[in-house]
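Everything on this sheet refers to the single structure shown next.
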Ligand code: HAS
Ligand code: CU
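In structure tokens:
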């Protein structure tokens, strides 16, 4: 059975809707296929830290730990997330507004990213490009890697014009109306990503593509790293904001309640748009060329970017409580246990939130310059991002897939119980894994290190103190393997199950009291549920042009002083291939 309320069987879908569903399904299947390969490799890395070197058995498919790690990072962090986001953040707004998106652009977005993926896979599997997901020069991969990455980045920017077009067509028919919530959240996400993408675009097109093609001999690594993090920090919100779209825009309906505040949701997204960009260099606290003053400013800015997530914790927490009490939950935590935990889509997302409390706390440690000195480049960092993108985002996307698959295909979810098992295993495996990674990071165990390649006696001497946490890492990795197998049995099996007699609808949520809520309720026909008293905060935040201009100005104010000294101290490095 599937996760949301079913609607009576409708007449055959109009062509436009049917083709939107097909394209959305293609995005979903492509994204989750990337995760399937990426996630299959992950536990090998966990076993590596536990002292077990599986790589000699994997030749000729994988030659080294670094090759496996590159494939894992690129497929999971870029390909999986980009396909899910570029699909969902067009499909949901189009259905919310009841308008057809520009299908040509949406297919072009898919085509560019798919072509890029193929180039990346080729470059990574032929062992020419084990440059890890950050592809820092002077590590030098093959041109196919950088060209593939360029296509993926360009493709991922295309949902922005699609959304701006949808929004302006909708608003043209309703002068003065506020943008419906899911469309608002999606558009701010894509505006943020458009400004963020500039860094990687410049790095790839002006530095790495020509360098790898042999048109230039050298590259300036610090400029490349700084450009990378201009994109590489906001990318974490490009992973998170689509999950927030589901938490704010859909989940309240799935749990039988309402979103307690629509304006707070808008404020969160507006703040994420403005704050995400200027803080990228907090990934470079340990890099040369940043003055202490800048490191201090970056710390302060980073603490600001945590603010919208704290707002989210309270707004979503209250929305959960509201639904839980409606369902009869009593006492301090009774509302929490009263949530519909048997619904795998809900369980996935609420467990994702619980995990994110720890992910966010770790982020605040990372963002504090002095504390970062302790954990930078240790296993703490991958510990942090496996409970942010690897659980808060990834498990939310899994939860979304549990209702979206039946909605798109008209077929039943293969097994609710197995789906539930997969999310609890993911939650448990990731919790144990992340505990071990954070803990061993405190012992100084380096990230991205093929430690299991060391002779046993050396491994024991160097990492013996961290034996317990490293064992937890390995155990967590094995549990995650089970989670992945369970999830993919459900995911792939659901493409083949019997057809449902009724159509699954999109669970668009309403906001508390109907204020500022425009969601449609049957997923197919547009209808504004309510349009009551409008909040002045929501009206102010409607000026997306102004928000974009502020973000661009803040980004320039942060990066001009950072890049200025680099222009006067040029480094010319030749490429390295160390694998
Ligand atoms: Fe991070 C490194 C700082 C969030 C991902 N981060 C990384 C890397 C990745 C990553 C991939 O400042 C490594 C990159 C690499 O390879 O080198 N991060 C932060 C901060 C936040 C943060 C301040 N990170 C994320 C998110 C990610 C992500 C989100 C992916 C999706 N991170 C850093 C820094 C580094 C870094 C440094 C560089 C470190 C170094 O040395 O290299 C903040 O945005 C976090 C704010 C979040 C919160 C939590 C709010 C909680 C919520 C859940 C509510 C729960 C409910 C349930 C409602 C404040 C919203 C209620 C129920 C009950 C019963 C209570
Ligand atoms: Cu960051």
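In our numbering, the protein residues as written are 113 to 691. Note that the Cβ used here is the ideal one computed from N, Cα and C, for glycine as well.
Rounded to whole angstroms, what is the Cα-Cα separation between residue i and residue j?
{"i": "residue 390", "j": "residue 308", "result": "10 Å"}
{"i": "residue 256", "j": "residue 242", "result": "12 Å"}
{"i": "residue 348", "j": "residue 501", "result": "7 Å"}
{"i": "residue 227", "j": "residue 155", "result": "28 Å"}
{"i": "residue 412", "j": "residue 404", "result": "13 Å"}
{"i": "residue 159", "j": "residue 588", "result": "9 Å"}
{"i": "residue 220", "j": "residue 205", "result": "18 Å"}
{"i": "residue 643", "j": "residue 622", "result": "Note on residue 643: pLDDT 47, under 50, position unreliable in the model; the coordinate value appears next. Answer to the nearest angstrom: the Cα atoms are 11 Å apart."}
{"i": "residue 397", "j": "residue 528", "result": "45 Å"}
{"i": "residue 345", "j": "residue 392", "result": "5 Å"}
{"i": "residue 608", "j": "residue 145", "result": "16 Å"}
{"i": "residue 515", "j": "residue 690", "result": "45 Å"}
{"i": "residue 575", "j": "residue 469", "result": "29 Å"}
{"i": "residue 420", "j": "residue 200", "result": "22 Å"}
{"i": "residue 456", "j": "residue 153", "result": "25 Å"}
{"i": "residue 673", "j": "residue 409", "result": "12 Å"}
{"i": "residue 670", "j": "residue 147", "result": "34 Å"}
{"i": "residue 489", "j": "residue 571", "result": "19 Å"}
{"i": "residue 211", "j": "residue 283", "result": "12 Å"}
{"i": "residue 322", "j": "residue 170", "result": "33 Å"}
{"i": "residue 126", "j": "residue 616", "result": "16 Å"}
{"i": "residue 676", "j": "residue 682", "result": "11 Å"}
{"i": "residue 382", "j": "residue 653", "result": "7 Å"}
{"i": "residue 535", "j": "residue 460", "result": "6 Å"}
{"i": "residue 163", "j": "residue 601", "result": "30 Å"}
{"i": "residue 458", "j": "residue 402", "result": "44 Å"}
{"i": "residue 523", "j": "residue 260", "result": "34 Å"}
{"i": "residue 467", "j": "residue 530", "result": "21 Å"}
{"i": "residue 414", "j": "residue 394", "result": "7 Å"}
{"i": "residue 166", "j": "residue 568", "result": "14 Å"}
{"i": "residue 292", "j": "residue 590", "result": "43 Å"}
{"i": "residue 407", "j": "residue 131", "result": "49 Å"}
{"i": "residue 368", "j": "residue 416", "result": "33 Å"}
{"i": "residue 695", "j": "residue 295", "result": "Absent from the model: residue 695. The displayed extent of the chain is 113 to 691, so no value can be given."}
{"i": "residue 434", "j": "residue 647", "result": "21 Å"}
Could you pull the DSSP bridge partners for residue i from this structure?
{"i": "residue 688", "result": "251"}
{"i": "residue 331", "result": "685"}
{"i": "residue 516", "result": "Its beta-bridge partners do not exist; DSSP assigns none."}
{"i": "residue 371", "result": "623"}
{"i": "residue 523", "result": "611"}
{"i": "residue 558", "result": "490"}
Taking 7 Å as the line, does the beta carbon of residue i fall inside it for any heavy atom of the ligand HEM?
{"i": "residue 351", "result": "Among the ligands present in this structure, namely the ligand HAS and the ligand CU, the ligand HEM is not found."}
Using a Cβ cut-off of 8 Å (strictly closer), state whether residue i contacts chain D.
{"i": "residue 265", "result": "Of the protein chains in this structure there is only one, and it is not chain D."}
message = Would you call the segment 127-138 in contact with the segment 567-582, where contact means no fewer than 3 C-beta pairs closer than 8 Å?
response = no
Q. Can you list the alpha helix (DSSP H) stretches of 4 or more residues lying completely in the segment 465-506, in chain order?
A. Here the runs fully enclosed are 481-487, 492-498.
Quiz item: Is it true that the segment 354-370 meets the segment 276-286, where meeting means three or more beta-carbon pairs spaced less than 8 Å apart?
Solution: no
Pick out the complete alpha helix (DSSP H) segments inside the segment 246-303, 4 residues or longer, and give them in chain order. 255-269, 271-285
Requested in this report: Could you pull out every unbroken alpha helix (DSSP H) segment of at least 4 residues lying fully inside the segment 367-434, listed in chain order?
Outcome: Correct list: 374-388.
Counting beta carbon pairs with one atom in the segment 289-305 and one in the segment 369-388, are three or more of them shorter than 8 Å? yes
Original post:
Near the ligand CU, which residues have their beta-carbon closer than 6 Å to a heavy atom?
Top reply: 345, 348, 394, 395
| task | Would you be able to state if there are at least three C-beta pairs under 8 Å between the segment 516-527 and the segment 537-555? | result | no
Would you call the segment 325-342 and the segment 171-188 in contact, with 3 or more CB pairs under 8 Å?
When C-beta atoms of the segment 325-342 are compared with those of the segment 171-188, fewer than three pairs fall below 8 Å, so the two segments do not count as touching.
Considering only residues of the segment 643-677, which uninterrupted alpha helix (DSSP H) runs meet the minimum length of 4 residues and lie entirely inside it, listed in chain order? 648-653
Note to self: Pairs of beta-carbons, one from the segment 252-270 and one from the segment 303-323, closer than 8 Å: are there three or more?
What the structure shows: Yes: at least three Cβ pairs fall under 8 Å.
### Message
Could you check whether the segment 481-498 touches the segment 553-567, counting it as contact only if at least three pairs of C-beta atoms, one from each stretch, sit closer than 8 Å?
### Response
yes
Original post:
Can at least three beta-carbon pairs, one atom from the segment 326-337 and one from the segment 239-253, be found at a separation below 8 Å?
Top reply: yes
Item to check | Touching by the beta-carbon criterion (3+ pairs, under 8 Å), the segment 435-446 and the segment 470-480 | outcome: no
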